[in-house]
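Below is one structure, written out as structure tokens; comments come after it.
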Amino acid sequence: MSAQIEKNNPGYDTGEPANKRIAFVVILSAAILIALVPVFNSYFNFMMEREIRSEEKWGKEGVELRSEIEAAQRERLEKAPMSVDAAKRKLSEGSRDAVQPKSSDDLGPLVGWGLNPNEAAAEAAQAARERAAAASEAASGEGEDGASEDESTDAEAADAE
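Going by numbering that gives the first Met the number 0, the residue at position 153 of the sequence shown is 152; the numbering climbs one at a time, nothing skipped.
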């Protein structure tokens with residue numbers, strides 16, 4: 000009896016494949032997409048022209064031309080302590096000191112990727128540098144007043160926080 004049930008109801012579709020229906024849906028979808036391409040292009044062009052002609056951006060403070068940004072970047076590269084070409088040459092010669100980190104007074108990293116100076120961080124770094132210089136000057140004349148270096152650095156660390 001179970002063989003007869005399995006023959007009549009095997010648990011899956013035994014009908015003919017719907018190839019014609021699938022082909023119709025594929026062709027219809029492709030035709031709709033092809034027909035909509037000019038609509039999408041015209042909408043994109045309309046929005047781009049509206050954005051270009053928009054009065055909001057032209058002449059506003061803080062908006063810089065790409066050429067001005069690139070000129071500022073080239074100027075910063077030229078003022079670098081070592082040019083990019085010299086660093087490449089040193090690396091190709093096998094000199095590892097070209098890429099080893101060294102302490103620097105450069106405040107460039109505080110400017111950040113946005114090319115907008117972080118005034119508070121730059122001022123805090125400058126103040127910390129001045130305190131360190133004053134502390135080193137005081138440490139050189141320290142034998143007279145009897146203060147130790149550990150006490151002065153602890154005080155500087157508390158001031159920095």
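We put the CB at the ideal spot given by N, CA and C, even for glycine.
Range covered by the alpha helix (DSSP H) that runs through residue i
{"i": "Lys89", "result": "83 to 92"}
{"i": "Gln72", "result": "65 to 77"}
{"i": "Arg20", "result": "18 to 52"}
Distance between residue j and residue i (C-alpha atoms, nearest Å)
{"i": "Asn7", "j": "Thr13", "result": "10 Å"}
{"i": "Tyr11", "j": "Leu27", "result": "29 Å"}
{"i": "Asn40", "j": "Glu50", "result": "15 Å"}
{"i": "Ala79", "j": "Arg73", "result": "10 Å"}
{"i": "Ile21", "j": "Leu64", "result": "52 Å"}
{"i": "Pro16", "j": "Arg52", "result": "55 Å"}
{"i": "Ser147", "j": "Ser139", "result": "With a pLDDT of 47 at Ser147, under the threshold of 50, the modelled position of that residue is not reliable, and the figure given next carries that caveat. For Ser147 and Ser139, the distance between alpha carbons rounds to 11 Å."}
{"i": "Phe43", "j": "Ala34", "result": "16 Å"}
{"i": "Arg128", "j": "Glu136", "result": "12 Å"}
{"i": "Ser94", "j": "Ala71", "result": "30 Å"}
{"i": "Lys19", "j": "Ile68", "result": "59 Å"}
{"i": "Ala30", "j": "Val38", "result": "13 Å"}
{"i": "Arg88", "j": "Val36", "result": "51 Å"}
Cβ-heavy atom distance, residue i to the ligand FMN, below 6 Å
{"i": "Arg88", "result": "You won't find the ligand FMN in this model; it holds no ligand whatsoever."}
CA nearest to the CA of residue i, picked from the options
{"i": "Gln125", "options": "Ala138, Gly140, Ser139, Asp105", "result": "Asp105"}
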